[in-house]
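Peer 1: Encoded as structure tokens, here's the structure I'll be asking about.
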Amino acid sequence: MGKTIDVRTVNVVQYIKPLREGGSMPAIVNADDDFLYVLKFRGAGQGKKALISELMGGELARTLGLKVPELVFMNLDDSFSKTEPDEEIQDLLKFSVGLNLGLHFLSGAITFDPLVNTVDAATASKIVLLDSLVSNIDRTVKNTNLLSWNNELWVIDNGASFYFHHNWALYKNHLTRTFPLIKDHVLLPWATQLETAAIEIKEAFTQERLEEIIALIPEDWLLDEAEAMHPEAMRQAYMEYFQAKLAMIDKLVKEAEDAR
1 MGKTIDVRTV
11 NVVQYIKPLR
21 EGGSMPAIVN
31 ADDDFLYVLK
41 FRGAGQGKKA
51 LISELMGGEL
61 ARTLGLKVPE
71 LVFMNLDDSF
81 SKTEPDEEIQ
91 DLLKFSVGLN
101 LGLHFLSGAI
111 TFDPLVNTVD
121 AATASKIVLL
131 DSLVSNIDRT
141 VKNTNLLSWN
151 NELWVIDNGA
161 SFYFHHNWAL
171 YKNHLTRTFP
181 LIKDHVLLPW
191 ATQLETAAIE
201 IKEAFTQERL
211 EEIIALIPED
221 WLLDEAEAMH
231 PEAMRQAYME
241 YFQAKLAMID
251 KLVKEAEDAR
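In UniProt numbering, the protein residues as written are 1 to 260.
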């Protein structure tokens, strides 16, 4: 857990196919390290902010010892949009030139199904409480964003977290809020060890580790012409958010327990 985080950077060498079940239309691509990745595009609907959420959410989950596919930064050049016949995908590729985010493709993985799969209480509790902490609105029965691979549960798709950063002017309003939407979490029925999970989260999410995760965010992803806030101020705001949520973790535990 104390290991430093190293996110590699690779180059996209082949666009293989779009994953149309995802709202933002990610794609399976091949990189210059000969591995397949699910590429999340900076030019998609939620833009670079979804990539920031994906990056931070994924590395927080990994810090907790949860299974997360390797995350990599992916360079996409402008050659792909020129040869793409589908106009929608062509636009997505054109607006995504530059640095994007990829998740290692887990070949043969199946979507976690709460009617078929089970999960141990410790893992479920950690995922539920982490999602409450980062305000992840998208891990429901309808869309679990969890994979079963080699009989293990893997956490994917954290892009719908930290929704406060879609309106920086009001981010302070979120610092004292709990997360009532936790009632819809797909793993809530199994999350019977929330208090233990809270202790583990407080131990794992040290100031140093949180700073390291926030420092991973590429400067380019924080730059926004429509935004008055400076990237450095945004990084400080993410830290402020984490500290506020950790300070109220007992409230989040109670909220989740009441919902269960």
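Every residue, glycine too, gets a C-beta built ideally from N, C-alpha and C.
Given the structure is predicted, the values throughout are model-derived calculations rather than measurements.
1) Taking contact to mean at least 3 C-beta pairs separated by less than 8 Å, is the segment 88-96 in contact with the segment 39-53?
2) Could you give the first and the last residue of the continuous alpha helix (DSSP H) run that contains Gln90?
3) Using only the alpha-carbon positions, how far apart do residue 276 and Thr83 sit?
4) How is Phe73 classed by DSSP in three states: helix, strand or coil?
5) Assuming Val128 and Ala191 are in contact, meaning their beta carbons sit under 8 Å apart, how far apart are those beta carbons, in whole angstroms?
6) Return the residue from the list Glu203, Asp86, Thr63, Ala109 that minimises the CA-CA distance to Leu147.
7) Please state if the CB of Asp34 and the CB of Asn11 are separated by a distance shorter than 7 Å.
8) Going by beta carbon distance, what residues of the same chain come within less than 6 Å of Asn143, once the five residues before and after it are set aside?
9) Once DSSP output is grouped into helix, strand and coil, what is the label at Asn117?
10) Whole angstroms is fine: what's the gap from Tyr15's alpha carbon to Asn30's?
11) According to the Cβ coordinates, are Gly45 and Asn158 closer than 7 Å?
12) DSSP state of Asn143, grouped into three classes?
13) For Lys48, I'd like the list of residues in its chain whose CB is within less than 7 Å of its CB, leaving aside the five on either flank, ordered along the chain.
14) Based on DSSP bridge pairs, tell me the residues matched to Glu152.
15) On the DSSP bridge list, what partners appear for Ala27?
16) Would Leu71 and Val119 be called neighbours here (beta carbons separated by less than 7 Å)?
17) So for His174, helix, strand or coil by DSSP?
18) Per DSSP, which residues does Lys67 bridge with? Please list them.
19) Should Ile249 and Ala198 be called a contact, given that it needs their Cβ atoms to be closer than 7 Å?
20) Go through the segment 208-245 residue by residue and report every complete run of the alpha helix (DSSP H) that reaches 4 residues or more, in order.
21) Between Met1 and Leu130, what straight-line distance do the alpha-carbon atoms span, to the nearest angstrom?
Peer 2: So, from the data block:
1) yes
2) Position 90 of the sequence shown, counted from the start, is the residue given in the question as residue 90. Here the alpha helix (DSSP H) through Gln90 covers 87-94.
3) Beyond the ends of the chain as shown, which are 1 and 260, falls residue 276; an answer cannot be given.
4) As a first step, residue 73 is located in the sequence shown; it is residue number 73 there, counting from the start. Note: Phe73 maps to strand in three-state DSSP.
5) On the sequence shown, position 128 is the one that residue 128 refers to. On the sequence shown, position 191 is the one that residue 191 refers to. About 4 Å separates the two Cβ atoms, so the contact holds.
6) Here residue 147 refers to the residue found at position 147 when the sequence shown is read from its first residue. It is Ala109.
7) Translated into positions along the sequence shown, residue 11 becomes position 11. Translated into positions along the sequence shown, residue 34 becomes position 34. Against a cut-off of 7 Å, the Cβ pair of Asp34 and Asn11 comes out as no contact.
8) By 1-based counting over the sequence shown, the position of residue 143 is 143. The beta carbon of Asn143 sits closer than 6 Å to none of the beta carbons in its chain outside the five residues before and after it.
9) Along the sequence shown, one-based indexing puts residue 117 at 117. Coil, per DSSP.
10) Here residue 15 refers to the residue found at position 15 when the sequence shown is read from its first residue. Here residue 30 refers to the residue found at position 30 when the sequence shown is read from its first residue. In this structure, the straight-line span from the alpha carbon of Tyr15 to that of Asn30 is close to 7 Å.
11) If you number the sequence shown from 1, residue 45 lands on position 45. If you number the sequence shown from 1, residue 158 lands on position 158. Their beta carbons are not under 7 Å apart, which means Gly45 does not touch Asn158 by this criterion.
12) For this step, residue 143 is matched to residue 143 along the sequence shown. DSSP places Asn143 in coil when its eight states are reduced to three.
13) In the sequence shown, the residue the question calls residue 48 occupies position 48. Around Lys48: Arg42, Trp221.
14) Here residue 152 refers to the residue found at position 152 when the sequence shown is read from its first residue. DSSP output for Glu152 lists Trp149 as bridge partner(s).
15) Here residue 27 refers to the residue found at position 27 of the sequence shown. BP columns for Ala27 point to Pro18, Leu39.
16) Position 71 of the sequence shown, counted from the start, is the residue given in the question as residue 71. Position 119 of the sequence shown, counted from the start, is the residue given in the question as residue 119. No, Cβ-Cβ distance for Leu71 and Val119 is not below 7 Å.
17) What you label residue 174 is simply residue 174 of the sequence shown in a count that begins at 1. Correct three-state label for His174: helix.
18) Position 67 of the sequence shown holds residue 67. The partner list for Lys67 (beta bridge, DSSP) reads Trp154.
19) The residue labelled residue 249 in the question sits at position 249 within the sequence shown. The residue labelled residue 198 in the question sits at position 198 within the sequence shown. Yes, these two residues count as a Cβ contact at 7 Å.
20) 219-222
21) Residue numbering aside, residue 1 sits at position 1 when the sequence shown is read from its first letter. Residue numbering aside, residue 130 sits at position 130 when the sequence shown is read from its first letter. Model confidence at Met1 stands at a pLDDT of 48, short of 50, so the residue's coordinates are unreliable; what they give is reported in the following sentence. The straight-line gap from Cα to Cα measures roughly 16 Å.
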